[in-house]
Amino acid sequence: MNKISARQLLFFLACVAPVGKIVLLPARLADTSKNDLLFPLLAAYLLQAAAVFCTLLVAKRGMSFAELLENTFGRVVSKILLTVFALFLLFAGLLPVLEQKVMVQSVFYDTLPSLVAFAPYFLFAVYVLSKPLASHGRVWDILAPLAIFGLAGILVLSAASADFSALAPVGAAGQKGFFEGTMSAMAWFFDAALLLPLLGKFDYEKGLAWKGTLCYLAGGAAVLLFTAIFWGIFQETAPNQLFAFTVTSRYFPGVTTLGRIDYLFIFALALVMAFYVTLPLQGSIECALEAYGRPRYLPTLLAIGVTAVFLTLDVLLDYRFTEVLDGVTKWAFWVMPLFSVVIPPLLLLLRRRRRAV
Amino acid sequence: MGSSLYSMPMRLRMTRAERADAPIGFGRQSTSRRGAKELSYTRMTLNYLIPPYPAFMSVRIKAGRGRHTPIMKNVSADLERSKEALKKMLPADDFLTFEFASPKLSFCVLFADPLTDKDLLGEQVIRPLRQYTGAPRAEEVLKALSSPEAKTEKSLEKLAEEVLIGNPVVLFSDMDMGVVVGTKKIPVRAIAEPPTDVTLKGPREGFIEDFKTNTALIRRRLKTGELKIDTTDVGRRSSTTVAVCYLEGTAPKATVEAVKQKLQGIDIDIIPDSSYLTHFLASRPYSLVKQVGTTEKPDIFCAKLAEGRVGLIVDGSPIALTVPYLLIEDFQSSEDYFVPPYRATFTRLLRLFALLVAIYLPAFYVSAQLFKLQLFPVKLLLTIAGSIRDIPFSPSLEMLLVLLVLEVLNEASIRMPKYVGMALSVVGALVLGETAVSAGFVSTPAIIIIAFSGIGLYAVPNLIEQTSVLRLAMLLVAGSVGTYGVLLATAFVILYLVTTENFSAPLVAPFSPLRGRDLRDSLIKYNLGSLEMRPQTLKSPNRRRLS
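In the order they appear, the protein sequences are chains V and L.
Sequential numbering from 756 applies to the first sequence in our numbering.
Sequential numbering from 13 applies to the second sequence in our numbering.
Next up, the structure:
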């Protein structure tokens, strides 16, 4: 259980990672890029796929993220860099957690106050975060079929209601729409950065970089298809349809007679999301542990500490999700690409040979 | 060293050097956790030489615990002194003595009345000794006896131990040696079909409480010298015989050693049933999750041994244990292997479906009513609305009450004498069910849901203890935080299950970690011809089982 297998990593890239991109992102893209929403999404995916490829190439060296940094920059600088990276992952985790909270509040409940509805998540988070990062590998084995079941179910139930001709004419949103869309989309793309704390916890197998990238792109294809269906169904009203994966399948004819059977798929995806959302937080804890060692109680203390921080933010930002979303996508739009697109290729330039101790 | 020691044939005693080399607790002096010095001798199994081995071929000693304080240590040539010493060590009324004489010698037989076959004792021991005219020498006396299970012993303490397990002891005048004869007779019930594992097709034999019968049932199915049955005694007062069964070369040595090590670490007064051992064998002893496999059927037990597992037979218990345990085992039944694979696959999926419905249906019903009415189709919603209109309780309380009634009925029906069962059914079905609905205490949908859930739980009978608690937990979560709470509880369970390992085998294998080949006999059942390899998860050194 101390290692993640290559297969588990591929499951994550192909099945778990796409789930985080079908909640608010489609509506956000519909807002910025209208019927051209697929292009910024594709651009973000390609950039991130390249970063994933670089990260997996770095994994070939068999060193952990901390070892990589220490090997080139020395202990003190590597500690600082790891701390910065841990803070970045906390920042990266903010939007998914709040997004999850808003989704839960509106999809799973009609009447309950939001804070109570989402509070159990933090209990769950403490438990997940206190487990070793590598235990996620086994979880991905279970989540992969669940994600496929959920996503395939939603796509099948939704596809018939979509008018794909609504995606034409191509380029109507112009360059501005494309760049704005790409900029917004980048807030949801930090998968390469999530892989960095996993370095050294999986063994590089031959062709893993290519396989990983292709798996990531395969997952991306499913997200693109879903986004196309989303626009095909809602078109001009799409920006108002938040939590895309919960609304596209409601027009399936069987829903009127059988009830919301699509909730079965929605629940499956929500279950996958619960784990996906904690991954940046766990990555952050892992970076902190790599930087400052692993005394006996530190992992649990960090798990409680990080959860407490997020619980506080959840309370403080209870009615300010729109501001957070705008802040991340409009003002801090450069942060995600810097850490998850620029840094992974730079890691390839780090010293290859282990420095003699 | 360990395995050769256990299979050492036809020898009753170990030398000092052998004892020193033997693993602790299996024939070697050790210091227990509480510091008490203890001696625990392995039963010298004849293994494949005489299947099943005679129980007599064993020496069991518990020394230094202050149970007996012999006046003298060894048998003396003075018959009266030896007899008195032994009687002092065994003062209870059911230990009887019988004195008789031959033309040259006097004898005294000491035996435990309820545990001894007196006819056999008379036939094999007393009759030949009455006619014995030889010298008072142990070898000659043994030759004169008609018993195939006889040995000499000097130590009074060991003789007392033999009497305690049911073997009569003969003392002689003019001979400083006692003779132990294997004529014990422990009352046992007949072999019957186990009530917890009934099958339509396939063997119907079940284990019983008798250790010898159980090992015989195993030997009957595994006629191979590779089958090892290593025994040890567990329990300070009960000295319960526990057999570690495995196929040498098929079961991983590490697992066998780990099981033996865990057994030696047990320091408890009695082991009344095999379920006591599960606590000590589990890596997470306080967990709700089952970590040791159980079966009452020798065919299943042998099939598990053949897959590379290690089995444990506990004297006095009809339930055998197997490790490592995988969760999927409880979704498989022995019948699955006797019916076409399509049918087996269907029934396994059905069991999973029934179990999921049993756990989640009450929870989702309550959370839908409380927090998300959209989950119901409109017509069903109207029906439910009509039936719950006058119910005085909240949906969660109503469901909890009905569930509680079901659990009480269930518990009572198991413990109650059979002739009261009919009355219980009437009270349960008519009074509590129908009348409660017509009185407006509970709604019809709640009764239907709990009834369905109750039936679903029994689709996987070996997991009832766990799933019934899980169902209650899900119901409480659903009643307090709704569907998302249930999802998070499920996520919690998933993470807990995937991180649970026992004897180096992940509990949720072959699903997590995924083992492609092992999936062939998981929820999906392939044809027997396709199951050519043993499960990868069990790490058997001999992977191929079908060539």
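We treat Cβ as the ideally placed atom computed from N, Cα and C, and that holds for glycine.
Residue i (DSSP reduced to helix, strand or coil)
i, result
"proline 457(L)", "helix"
"glycine 452(L)", "coil"
"methionine 545(L)", "strand"
"valine 520(L)", "coil"
"leucine 183(L)", "strand"
"serine 286(L)", "helix"
"isoleucine 241(L)", "strand"
"glutamate 165(L)", "strand"
"arginine 405(L)", "It is phenylalanine, not arginine, that sits at residue 405(L) in the sequence shown. Coil."
"asparagine 59(L)", "Residue confidence is low: asparagine 59(L) scores 33 on pLDDT, short of 50, so the model does not pin down where it sits. No coordinate-derived value is stated."
"glycine 146(L)", "coil"
"serine 1095(V)", "helix"
"leucine 1036(V)", "helix"
"aspartate 129(L)", "coil"
"valine 256(L)", "strand"
"arginine 93(L)", "helix"
"tyrosine 337(L)", "coil"
"glutamate 308(L)", "coil"
"isoleucine 759(V)", "strand"
"proline 64(L)", "Residue confidence for proline 64(L) is low, a pLDDT of 35 falling below 50, so the modelled location carries little weight and cannot support an answer."
"alanine 124(L)", "strand"
"alanine 332(L)", "strand"
Cβ pair residue i, residue j closer than 8 Å
i, j, result
"valine 414(L)", "valine 454(L)", "yes"
"leucine 127(L)", "isoleucine 198(L)", "yes"
"phenylalanine 223(L)", "threonine 253(L)", "yes"
"valine 583(L)", "valine 510(L)", "What the structure shows of chain L is the stretch from 13 to 559, and residue 583(L) is not part of that stretch, so it cannot be assessed."
"lysine 309(L)", "serine 346(L)", "yes"
"leucine 796(V)", "valine 978(V)", "yes"
"serine 542(L)", "arginine 556(L)", "no"
"isoleucine 462(L)", "methionine 411(L)", "yes"
"arginine 360(L)", "leucine 535(L)", "yes"
"leucine 373(L)", "serine 465(L)", "yes"
"phenylalanine 877(V)", "threonine 1062(V)", "yes"
"threonine 495(L)", "phenylalanine 383(L)", "yes"
"valine 153(L)", "phenylalanine 112(L)", "no"
"isoleucine 897(V)", "phenylalanine 350(L)", "no"
Buried or exposed by the 16-neighbour rule on C-beta atoms within 10 Å, applied to residue i
i, result
"threonine 54(L)", "For threonine 54(L), the pLDDT reaches just 37, beneath the cut-off of 50, and the residue's location in the model is therefore unreliable, leaving the point undetermined."
"tyrosine 377(L)", "buried"
"alanine 514(L)", "The question names alanine, but residue 514(L) in the sequence shown is asparagine. The residue in question, asparagine 514(L), is buried, as its Cβ has 16 or more Cβ neighbours within 10 Å."
"histidine 291(L)", "exposed"
"lysine 1085(V)", "exposed"
"glycine 76(L)", "Its pLDDT being 37, under 50, glycine 76(L) is placed unreliably by the model, and the measurement read from it follows with that caveat. Glycine 76(L) is exposed by the Cβ-count criterion."
"phenylalanine 919(V)", "exposed"
"isoleucine 426(L)", "exposed"
"proline 518(L)", "buried"
"lysine 74(L)", "Residue placement at lysine 74(L) cannot be trusted, given a pLDDT of 40 that sits under 50; what the coordinates show is reported in the next sentence. So lysine 74(L) counts as buried."
"methionine 858(V)", "buried"
"glycine 967(V)", "buried"
"valine 248(L)", "What sits at residue 248(L) in the sequence shown is arginine, not valine. Looking at its Cβ environment, which holds 16 or more other Cβ atoms inside 10 Å, arginine 248(L) is buried."
Expected contact under 8 Å - CB spacing of residue i and residue j to nearest Å
i, j, result
"alanine 804(V)", "leucine 1057(V)", "At roughly 31 Å, the Cβ-Cβ gap does not stay under 8 Å, so alanine 804(V) and leucine 1057(V) are not in contact."
"proline 553(L)", "proline 264(L)", "6 Å"
"threonine 818(V)", "leucine 954(V)", "In the sequence as presented, threonine is not what sits at residue 818(V); that position holds methionine. Contact holds; Cβ gap of about 7 Å."
"phenylalanine 107(L)", "leucine 122(L)", "7 Å"
"aspartate 1017(V)", "isoleucine 909(V)", "7 Å"
"glycine 305(L)", "cysteine 257(L)", "With 8 Å as the limit, glycine 305(L) and cysteine 257(L) do not qualify as a contact, their Cβ atoms being about 13 Å apart."
"glycine 178(L)", "alanine 124(L)", "6 Å"
"proline 180(L)", "valine 137(L)", "7 Å"
"phenylalanine 945(V)", "phenylalanine 1094(V)", "7 Å"
"arginine 1015(V)", "leucine 385(L)", "Not confirmed; about 10 Å, so no contact."
"valine 326(L)", "serine 286(L)", "4 Å"
"lysine 166(L)", "aspartate 188(L)", "7 Å"
Is the number of C-beta pairs between the stretch 1028-1043 of chain V and the stretch 823-843 of chain V that are closer than 8 Å three or more?
yes
Below 8 Å, how does it come out for the stretch 208-217 of chain L and the stretch 287-301 of chain L: are there three or more Cβ pairs, yes or no?
no
Between the stretch 780-800 of chain V and the stretch 936-951 of chain V, do at least 3 Cβ pairs fall closer than 8 Å?
yes
Check whether the stretch 1020-1034 of chain V touches the stretch 915-930 of chain V, counting contact only when three or more Cβ pairs, one atom from each stretch, lie closer than 8 Å.
no
Segment contact flag, the stretch 917-936 of chain V with the stretch 775-790 of chain V, C-beta cutoff 8 Å, min 3 pairs
yes
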